[in-house]
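Just add 3 to wherever you are in the sequence shown, counting from 1, and you've got my numbering.
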Amino acid sequence: MLVAFSVAPAGNGATTADEDDGSVHDAVAEAVKIVRNSGLPNQTDSMFTTIEGEWDEVMDVIKRATEAVGKYGSRVSLVLKADIRPGYWGELTGKMERLEQAIDEMDEYQGHS
Numbered sequence: 004m005l006v007a008f009s010v011a012p013a014g015n016g017a018t019t020a021d022e023d024d025g026s027v028h029d030a031v032a033e034a035v036k037i038v039r040n041s042g043l044p045n046q047t048d049s050m051f052t053t054i055e056g057e058w059d060e061v062m063d064v065i066k067r068a069t070e071a072v073g074k075y076g077s078r079v080s081l082v083l084k085a086d087i088r089p090g091y092w093g094e095l096t097g098k099m100e101r102l103e104q105a106i107d108e109m110d111e112y113q114g115h116s
């Protein structure tokens, strides 16, 4: 399965506007480090981290990343999107390879019309 998730702290407890610049990069860095250290295939972009593996192992990593982010605020926002396709592996890169191939084929076809 592939799970794309985004996790961020909220209600950080800042007492003045000067203490709260709205940045969550330290919390996100800690979560991403947990994902990367999991040994599961993963990639991070500006909005989501996607991780590939079996249900229990993926959810365990997401739980640990969420708990780590929780240290940075009084609450946590977690967004998940999953592609559950039993028997398929390598889809983290496989989907992108098929997409790029389809784009290339469209370009070739349109170039010959």
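Backbone N, C-alpha and C define an ideal beta-carbon position, used for all residues, glycine too.
What does residue i pair with, by DSSP beta-bridge criteria?
i: E55; result: L5
i: N40; result: Answer by DSSP bridge pairing: none, since N40 is not bridged.
i: V10; result: L81
i: Q46; result: T53
Assuming residue i and residue j make a contact with CB atoms under 8 Å, what is their CB distance in whole Å?
i: V27; j: I65; result: The Cβ separation is near 17 Å, so there is no contact.
i: S9; j: M50; result: 6 Å
i: G14; j: G76; result: 5 Å
i: V35; j: T52; result: 6 Å
Looking at residue i and the ligand COA, is the gap between the Cβ and the nearest heavy atom below 7 Å?
i: D59; result: Looking at this structure, you won't find the ligand COA or any other ligand, since it has none at all.
Mind checking whether residue i and residue j have CB atoms under 8 Å apart?
i: A68; j: V38; result: yes
i: E33; j: V72; result: yes
i: M4; j: R88; result: yes
Are there 16 or more other CB atoms within 10 angstroms of the CB of residue i, so buried, or fewer, so exposed?
i: Y91; result: exposed
i: I170; result: Residue 170 lies beyond the residue range present for the chain, which begins at 4 and ends at 116; the question has no answer from this structure.
i: N45; result: buried
i: T96; result: exposed
i: A105; result: exposed
i: Y112; result: exposed
i: A30; result: buried
i: G42; result: exposed
i: G93; result: exposed
**Request:** Just list the alpha helix (DSSP H) runs in the stretch 63–95, keeping only unbroken ones of 4 residues or longer that don't cross its boundaries, in chain order.
**Result:** none
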